[in-house]
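Q: Sequence positions in the sequence shown follow this note's numbering and run 2 to 171.
Note that the Cβ used here is the ideal one computed from N, Cα and C, for glycine as well.
Since we're looking at a predicted model, the values are computed, not measured.
Submitted below is the structure of interest, expressed as structure tokens.
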Amino acid sequence: MLIRYENQYPKVHNSAYIAPNATIIGNVTIDASAIILFNAILRGDLEYIHIGKNSNIQDLCIIHQSPNAPTIVGDNVTVGHRVTLHGCHIENHALIGMDSTVLDGAVIGEGSFVGAGSLVTQNKIIPPNSLVFGRPAKVIRTLTDKDRKEMKRILATYQSHKKVYESENS
2 MLIRYENQYP KVHNSAYIAP NATIIGNVTI DASAIILFNA ILRGDLEYIH
52 IGKNSNIQDL CIIHQSPNAP TIVGDNVTVG HRVTLHGCHI ENHALIGMDS
102 TVLDGAVIGE GSFVGAGSLV TQNKIIPPNS LVFGRPAKVI RTLTDKDRKE
152 MKRILATYQS HKKVYESENS
């Protein structure tokens, strides 16, 4: 469902997939081939939200922001089930594991992997290609080639799901 808020209406590229019960409100831009899955809520009422190309926002995610702190999700990003993103920046090729929270001003560096259930605290800067885990989240190590391969596999799986949803429900 796309909802206008203070004369801002979501901008969704025609190749993006939005699940029928996802809610997208206000100042939100969703780029080409992005996927917004079931019961996700993207509420662009205080600042803007931007979802990059080929990124997937999985079931039950909440994406919001604070004044002067937009939420930006780069290209080729996976955001797992029940993740909360609030006023943060997720750089390209990152993966945010299920049930994680990323707070205002935090930056997840390009190609980084935030482990399931992690809490990335306000203004925390995660370097590129890092494995991050914990509450609060801490850098554990640099990602391996095996880690990056798994992240690409997950991203490709969700792009495959997108094709099925589109073909069976058009």
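1. Report the CB separation of T79 from M152 in whole angstroms; it is logged as a contact under 8 Å.
2. With a Cβ-Cβ cutoff of 8 Å, do L61 and R44 count as a contact?
3. Measuring CA to CA, which of Q123, G106, N124 and T102 is closest to F114?
4. Give every residue of the same chain whose Cβ lies closer than 8 Å to the Cβ of E167, excluding the five residues on either side of it in the sequence, and list them in chain order.
5. Check the C-beta distance from D32 over to I52 and give it rounded, since I have them as a contact under 8 Å.
6. Kindly indicate which residue of I42, N55 and L3 has the alpha-carbon position closest to the one of Q160.
7. Three-state secondary structure (DSSP) at S131?
8. Report the rounded CA-to-CA distance for R142 versus Y10, giving the unit in angstroms.
9. Given that a residue counts as buried once 16 or more other Cβ atoms are within 10 Å of its Cβ, and exposed if not, what is N124?
10. Assuming D30 contacts I42 under a Cβ cut-off of 8 Å, what Cβ separation, rounded to an integer in Å, is found between them?
11. Between the alpha carbons of L156 and N77, how many angstroms are there, rounded?
12. Span of the alpha helix (DSSP H) holding R83?
13. Just tell me which of I97, S34 and H90 has its CA closest to the CA of A117.
14. Helix, strand or coil: which one does DSSP assign to H94?
15. When you compare each of V13, G135, N93 and R149 to M99 by their alpha carbons, which one comes out closest?
16. Over what stretch of residues does the beta strand (DSSP E) that includes R44 continue unbroken?
17. With DSSP as the reference, label T158 as helix, strand or coil.
18. Which value, in whole angstroms, describes the spacing of the CA atoms of K12 and N28?
A: So, to answer that:
1. Counting from 1 along the sequence shown, the entry for residue 79 is found at position 78. Counting from 1 along the sequence shown, the entry for residue 152 is found at position 151. Contact between T79 and M152 is confirmed by a C-beta separation of about 7 Å, below the 8 Å threshold.
2. Taking the first residue of the sequence shown as 1, we reach residue 61 at position 60. Taking the first residue of the sequence shown as 1, we reach residue 44 at position 43. Against a cut-off of 8 Å, the Cβ pair of R44 and L61 comes out as no contact.
3. By 1-based counting over the sequence shown, the position of residue 114 is 113. Considering only alpha carbons, the answer is T102.
4. In the sequence shown, the residue the question calls residue 167 occupies position 166. Once the five neighbours on either side are set aside, the close Cβ partners of E167 are Y18.
5. Here residue 32 is taken as the residue at index 31 of the sequence shown, counted from 1. Here residue 52 is taken as the residue at index 51 of the sequence shown, counted from 1. The Cβ separation is near 6 Å, so the contact holds.
6. Numbered from its first residue, the sequence shown carries residue 160 at position 159. Ranked by how close their Cα comes to the Cα of Q160, the residues I42, N55 and L3 have N55 in first place.
7. Along the sequence shown, one-based indexing puts residue 131 at 130. DSSP, read as helix, strand or coil, puts S131 in strand.
8. Counting from one through the sequence shown, the residue named residue 142 turns up at place 141. Counting from one through the sequence shown, the residue named residue 10 turns up at place 9. When rounded, the distance between both Cα atoms is 41 Å.
9. Along the sequence shown, one-based indexing puts residue 124 at 123. Per the 10 Å Cβ criterion, exposed.
10. Residue 30 sits at position 29 when you count from the first residue of the sequence shown. Residue 42 sits at position 41 when you count from the first residue of the sequence shown. Correcting the residue type first, residue 30 is Thr in the shown sequence and not Asp. 16 Å between Cβ atoms; not a contact.
11. Counting from one through the sequence shown, the residue named residue 156 turns up at place 155. Counting from one through the sequence shown, the residue named residue 77 turns up at place 76. Distance between the alpha carbons of L156 and N77 is about 7 Å.
12. Taking the sequence shown and counting its residues from 1, the one referred to as residue 83 is at position 82. Unbroken run through R83: none, as it is neither H nor E.
13. Here the question's residue 117 lines up with position 116 in the sequence shown. When only C-alpha atoms are compared, the closest one is I97.
14. Here residue 94 is taken as the residue at index 93 of the sequence shown, counted from 1. Coil, per DSSP.
15. Within the sequence shown, the letter at position 98 stands for residue 99. Comparing Cα positions, the closest option is G135.
16. Within the sequence shown, residue 44 is the residue found at index 43, counting from 1. Its beta strand (DSSP E) spans residues I42 to I52.
17. What you label residue 158 is simply residue 157 of the sequence shown in a count that begins at 1. In this structure, T158 counts as helix in the three-state DSSP scheme.
18. Against the sequence shown, residue 12 aligns to sequence position 11. Against the sequence shown, residue 28 aligns to sequence position 27. C-alpha separation (whole angstroms): 8 Å.
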